[in-house]
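Residue numbers are given in full-length UniProt numbering: position 35 of the sequence shown equals residue 35, and the series is strictly consecutive. The next block holds one structure in the form of structure tokens; read it before the comments.
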Amino acid sequence: MVSQDFLKELPKCEHHLHLEGTLEPDLLFPLARRNGITLPTEFPQTVGELETRYGQFKDLQDFLDYYYVGTSVLIKEQDFHDLAWAYFQKVHAQGLVHAEVFYDPQSHTTRGIPIEVVTRGFETACQRAEQELGITSKLIMCLLRHMDPQEGLQTIEDASRLLSSGSVHGIGLDSAERPFPPELFVECYERARSINPELQFTAHAGEEGPAKYVSNSLDLLQVSRIDHGVNSVHDEELLQRLAQEKIMLTVCPLSNVKLQVVSRVSQIPLQKLLDANVPFSLNSDDPAYFGGYILDNYYKVAEEFPHWNHEVWSTICRNSIEGSWCDAKRKNELL
Ligand code: ADE
Ligand code: ZN
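Okay, here's the thing in structure tokens:
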């Protein structure tokens, strides 16, 4: 097995990280107090109780029910900034060099917080991470698939200026995968593309949903990568396509175990993806909820795939840089 020092030193890129998913219990309660938010009575009332509950998610929906309560303590621009800045500081110590990070504007705008406030808080943290830590980053705005697609469309309209100005670099699709297939969001993606043809596109697919959600995300939403995508392995033709078109899957090992997509990391079909030449990156998804940040995910995969040598890890790292949405100059610096 490769050493932990080797994994730590690798120039890591993260492509699947929900900023709201970095809200640690020990920040959640102080923020709730600072902002005068009363948490639901059935919600755990101490850091210890909450951490215990986080260890027992039944599935994606069970996790999301906690995740959306968590987001409710974020109110002010400073809250969003502090949250993202805490994330960047943590992963800087883990060898992260580039991050493409998600946020869910609708989980804030539905509570009356303007999209500009949320985005500015996150954007200023991204700028600070580059200046102070040398970590480059891109913001990806996700639409919530459990909400009415017409509301998604309105969110795209409300974000027009942010999408045109470069504040937001890409569009994604997250939240409960089933029964909300990608075809529901075709108009949203088309509208975003018409606002700024330079935007990048991705979507969660094939986490709990079938391989068909992956191929439909490619065909109908015209995404250039797929978040999770592990269920793609059930469709050989799709695997060949992912390899041929160099569609990167942003795999989240600890998340897949915590949300019971698999019972242990060794069951994630990473070897099959490698053998089929399907590029993937390793990511933390919602690290405050799933027990580990980027390097913890690398460590766990190395432990469960002990036969992977330096060459395999270098391939993963190179694919992860090449699949990033940063420009060629930055990629060359990282390679
Ligand atoms: N939102 C935050 N984490 C998510 C995940 N793993 N899948 C779908 N939506 C999410
Ligand atoms: Zn995710």
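Where is the CB? At the ideal position from N, CA and C, for every residue including glycine.
Taking the alpha helix (DSSP H) that Ile321 belongs to, which residues open and close that run?
Taking the first residue of the sequence shown as position 1, residue 321 is located at position 321. 310–322 is the extent of the alpha helix (DSSP H) around Ile321.
Are Thr124 and Cys326 close, meaning C-beta to C-beta below 8 Å? Sequence index remark: in the sequence shown, residue 124 carries index 124 (1-based). Sequence index remark: in the sequence shown, residue 326 carries index 326 (1-based). Contact: no.
Taking the beta carbon of Thr46 as the centre, do at least 16 other beta carbons fall within 10 Å, making it buried, or is it exposed?
Residue mapping note: residue 46 aligns to position 46 of the sequence shown, counting from 1. Counting Cβ neighbours within 10 Å, Thr46 comes out exposed, since fewer than 16 surround it.
message: Can you list, in chain order, the residues of its chain with a C-beta nearer than 6 Å to that of Ala84? Leave out the 5 residues immediately preceding and following it.
response: The count along the sequence shown starts at 1 and reaches residue 84 at position 84. So the list reads Leu19, Phe122, Ala125, once near-sequence residues are dropped.
Worksheet entry | Of the residues Leu274, Lys331, Ile268, the one placed nearest Lys300, counting alpha carbons only | To locate residue 300, count along the sequence shown from 1; it is residue 300. It is Ile268 whose Cα lies nearest to the Cα of Lys300.
Query raised in the report: Nearest CA to the CA of Glu100: which residue from Glu304, Gly292, Leu335, Ser281?
Result: Within the sequence shown, the letter at position 100 stands for residue 100. Of the listed residues, the one whose Cα sits closest to Glu100 is Ser281.
Give the C-beta separation of Cys252 and His228 to the nearest angstrom, bearing in mind that I take them to be a contact with Cβ-Cβ under 8 Å.
Here residue 252 refers to the residue found at position 252 of the sequence shown. Here residue 228 refers to the residue found at position 228 of the sequence shown. Cys252 to His228, Cβ: 6 Å. Contact.
- Item | beta-carbon Ser281 near ligand 1 non-hydrogen atom, thresh 7 Å | Position 281 of the sequence shown, counted from the start, is the residue given in the question as residue 281. Distances from the CB of Ser281 to the heavy atoms of ligand 1 are all 7 Å or more.
Note to self: Measuring only from the beta carbon, is Ser320 closer than 7 Å to any heavy atom that is part of ligand 1?
What the structure shows: Here residue 320 refers to the residue found at position 320 of the sequence shown. Not under cutoff, so the answer is no.
Any beta strand (DSSP E) of 3 or more consecutive residues that is wholly inside the segment 187–235: Segments of the beta strand (DSSP E) lying fully in the segment 187–235: 200–205, 225–228.
**Prompt:** Using a Cβ-Cβ cut-off of 7 Å (strictly less than) and excluding sequence neighbours within five positions of Asn256, which residues of its own chain qualify?
**Reply:** Taking the first residue of the sequence shown as position 1, residue 256 is located at position 256. Excluding positions up to five away in sequence, the list reads Val230, Val262, Ile268.
Any heavy atom of ligand 1 within a distance shorter than 7 Å of the CB on Leu207?
The residue given as residue 207 occupies position 207 in the sequence shown. According to the sequence shown, residue 207 is Glu rather than Leu. Under cutoff, so the answer is yes.
**Report entry** Stretch-stretch touch, CB-based, cutoff 8 Å, three pairs: the segment 183–202 with the segment 147–167
**Finding:** yes
### Query
Looking at the unbroken alpha helix (DSSP H) that takes in Ile294, where does it start and where does it end?
Position 294 of the sequence shown, counted from the first residue, corresponds to residue 294. Note, Ile294: alpha helix (DSSP H), 294–304.
Check whether the Cβ of Tyr68 sits closer than 7 Å to any heavy atom of ligand 1, and report yes or no.
In the sequence shown, residue 68 corresponds to position 68, counting from 1. For Tyr68, the CB stays at least 7 Å from every heavy atom of ligand 1.
Could you round the C-beta distance between Lys138 and Gly170 to whole angstroms and report it? I think they count as a contact, below 8 Å. Reading the sequence shown from its first residue, position 138 is the one you call residue 138. Reading the sequence shown from its first residue, position 170 is the one you call residue 170. About 6 Å separates the two Cβ atoms, so the contact holds.
- Message: Using a Cβ-based criterion (distance less than 7 Å to any ligand heavy atom), does His108 qualify as near ligand 1?
- Response: Translated into the one-based positions of the sequence shown, residue 108 becomes position 108. His108 Cβ: outside cutoff for every heavy atom of ligand 1.
Taking the alpha carbon of Arg120 as the reference point, which residue from Leu221, Pro30, Tyr87, Gln78 has its own alpha carbon closest? The sequence position of residue 120 within the sequence shown is 120, counting from 1. Ranked by how close their Cα comes to the Cα of Arg120, the residues Leu221, Pro30, Tyr87, Gln78 have Gln78 in first place.
> If you draw a straight line from the C-alpha of Val73 to the C-alpha of Thr110, how long is it?
Replying inline: Counting from 1 along the sequence shown, the entry for residue 73 is found at position 73. Counting from 1 along the sequence shown, the entry for residue 110 is found at position 110. Looking at the two C-alpha atoms, the distance is approximately 13 Å.
Is Val101 helix, strand or coil when you go by DSSP? Counting from 1 along the sequence shown, the entry for residue 101 is found at position 101. Three-state result, Val101: strand.
_Excluding the 5 residues flanking Phe43 on each side, which residues of the same chain have their C-beta closer than 7 Å to its C-beta?_
Within the sequence shown, the letter at position 43 stands for residue 43. Same-chain partners within the cutoff: Val69.
Do Leu7 and Leu270 have their C-beta atoms closer together than 8 Å?
Walking along the sequence shown from the start, residue 7 turns up at place 7. Walking along the sequence shown from the start, residue 270 turns up at place 270. In this structure, Leu270 does not lie closer than 8 Å to Leu7 by Cβ.
* Just the C-alpha distance for Ala129 and Tyr87, rounded to the nearest angstrom, thanks. => For this step, residue 129 is matched to residue 129 along the sequence shown. For this step, residue 87 is matched to residue 87 along the sequence shown. C-alpha separation (whole angstroms): 10 Å.
Quiz item: Would you call the segment 308–326 and the segment 21–29 in contact, with 3 or more CB pairs under 8 Å?
Solution: no
Worksheet item: Does the beta carbon of Ser232 fall short of 7 Å from some heavy atom of ligand 1?
Response: Sequence index remark: in the sequence shown, residue 232 carries index 232 (1-based). No - ligand 1 has no heavy atom lying nearer than 7 Å to the Cβ of Ser232.
So does Ser175 have its beta carbon nearer than 7 Å to some heavy atom of ligand 1? On the sequence shown, position 175 is the one that residue 175 refers to. Placement of the Cβ of Ser175 at a distance of less than 7 Å from at least one heavy atom of ligand 1 is found.
### Query
Can you name, in chain order, every residue of its own chain whose Cβ lies under 7 Å from the Cβ of Gln4, other than the five neighbours on each side?
The residue you call residue 4 lines up with position 4 of the sequence shown. Exclusion of the five residues before and after Gln4 leaves Tyr299 as the residues of its chain whose Cβ lies within less than 7 Å of its Cβ.
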